[in-house]
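Numbering (our numbering), first residue to last: 610 to 791.
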């Protein structure tokens with residue numbers, strides 16, 4: 610119940626803070642709503658391990674055998690705009706299980722979405738299905754993009770991210786916004 614109240618409060622704050630002009634709420638990492646969002650996700654999904662964007666970037670720079678499998682828990686429309694390097698679309702548990710075929714139950718897996726809520730849900734389901742090395746990318750693709758890290762559309766670099774909607778998109782720097790693939 611406490612988490613639902615916190616989540617509702619964050620939604621109200623996001624709605625109430627929508628302004629334009631010089632007093633607009635900052636977008637991206639400068640947005641003061643980020644700490645509350647991360648805290649809410651951690652409290653809602655306490656059994657899901659979190660990995661930072663910096664930690665994931667380090668893991669992805671390792672030899673191929675040591676790299677985690679990346680699962681994108683967003684919609685196909687969001688994925689079509691951009692995704693992390695070599696990430697597989699897994700909108701739901703059955704798509705994730707299909708993507709994991711041929712991998713051991715302890716293979717490293719990192720799941721992400723826009724901010725970390727949907728990916729934490731999927732990570733939790735995968736853990737309950739027996740996958741033992743599943744983590745959520747804290748801040749997910751919004752934080753990854755805000756950090757200036759590489760994004761791809763298919764195998765081509767992209768500088769855009771689907772912002773989900775106007776409210777949640779405020780956690781993404783506006784220069785990265787695109788509702789359609791470019």
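We treat Cβ as the ideally placed atom computed from N, Cα and C, and that holds for glycine.
> Where does residue 659 fall in DSSP's three states?
Replying inline: For the purposes of this step, residue 659 is taken as residue 50 along the chain shown, with counting starting at 1. Here residue 659 sits in strand by DSSP.
> DSSP puts residue 745 in a beta bridge; with which residues?
Replying inline: As a first step, residue 745 is located in the chain shown; it is residue number 136 there, counting from the start. Note: residue 745 sits in a beta bridge opposite 659, 720.
> Cα-Cα, which of 763, 764, 757, 789 is closest to residue 782?
Replying inline: Translated into positions along the chain shown, residue 782 becomes position 173. Ranking 763, 764, 757, 789 by Cα distance to residue 782 puts 757 first.
>> Using a Cβ-based criterion (distance less than 7 Å to any ligand heavy atom), does residue 732 qualify as near the ligand ATP?
In response: Ligands are entirely absent from the displayed structure, and the ligand ATP is therefore not among its contents.
> Is it the case that the Cβ atoms of residue 774 and residue 690 are separated by a distance below 8 Å?
Replying inline: As a position in the chain shown, residue 774 is number 165, starting the count at 1. As a position in the chain shown, residue 690 is number 81, starting the count at 1. Their beta carbons are not under 8 Å apart, which means residue 774 does not touch residue 690 by this criterion.
>> Taking the beta carbon of residue 649 as the centre, do at least 16 other beta carbons fall within 10 Å, making it buried, or is it exposed?
In response: Working through the chain shown from its first residue, we reach residue 649 at position 40. Buried: at least 16 other Cβ atoms inside 10 Å.
>> Rounded to the nearest angstrom, what separates residue 754 and residue 770 at their Cα positions?
In response: Taking the first residue of the chain shown as position 1, residue 754 is located at position 145. Taking the first residue of the chain shown as position 1, residue 770 is located at position 161. Cα to Cα, the separation comes out at about 8 Å.
>> Report the CB separation of residue 731 from residue 687 in whole angstroms; it is logged as a contact under 8 Å.
In response: As a working note, residue 731 is residue 122 in the chain shown. As a working note, residue 687 is residue 78 in the chain shown. Their Cβ separation, rounded to whole angstroms, is 14 Å, which puts residue 731 and residue 687 out of contact at 8 Å.
> To which residues does DSSP link residue 698 through a beta bridge?
Replying inline: In the chain shown, the residue the question calls residue 698 occupies position 89. Partner(s): 681.
> In whole angstroms, what separates the C-alpha of residue 737 from that of residue 667?
Replying inline: By 1-based counting over the chain shown, the position of residue 737 is 128. By 1-based counting over the chain shown, the position of residue 667 is 58. Near 27 Å, if we compare the C-alpha coordinates of residue 667 and residue 737.
> Would you say residue 699 and residue 682 are within 8 Å of each other, going by their C-beta atoms?
Replying inline: Taking the chain shown and counting its residues from 1, the one referred to as residue 699 is at position 90. Taking the chain shown and counting its residues from 1, the one referred to as residue 682 is at position 73. It is a contact, given that the beta carbons lie within the stated cut-off.
> Who pairs with residue 767 in a beta bridge, going by DSSP?
Replying inline: For this step, residue 767 is matched to residue 158 along the chain shown. 760.
> Using a Cβ-Cβ cut-off of 6 Å (strictly less than) and excluding sequence neighbours within five positions of residue 696, which residues of its own chain qualify?
Replying inline: Looking up residue 696 in the chain shown gives position 87. Closer than 6 Å at the Cβ level, and outside the excluded window around residue 696, lie 679, 681.
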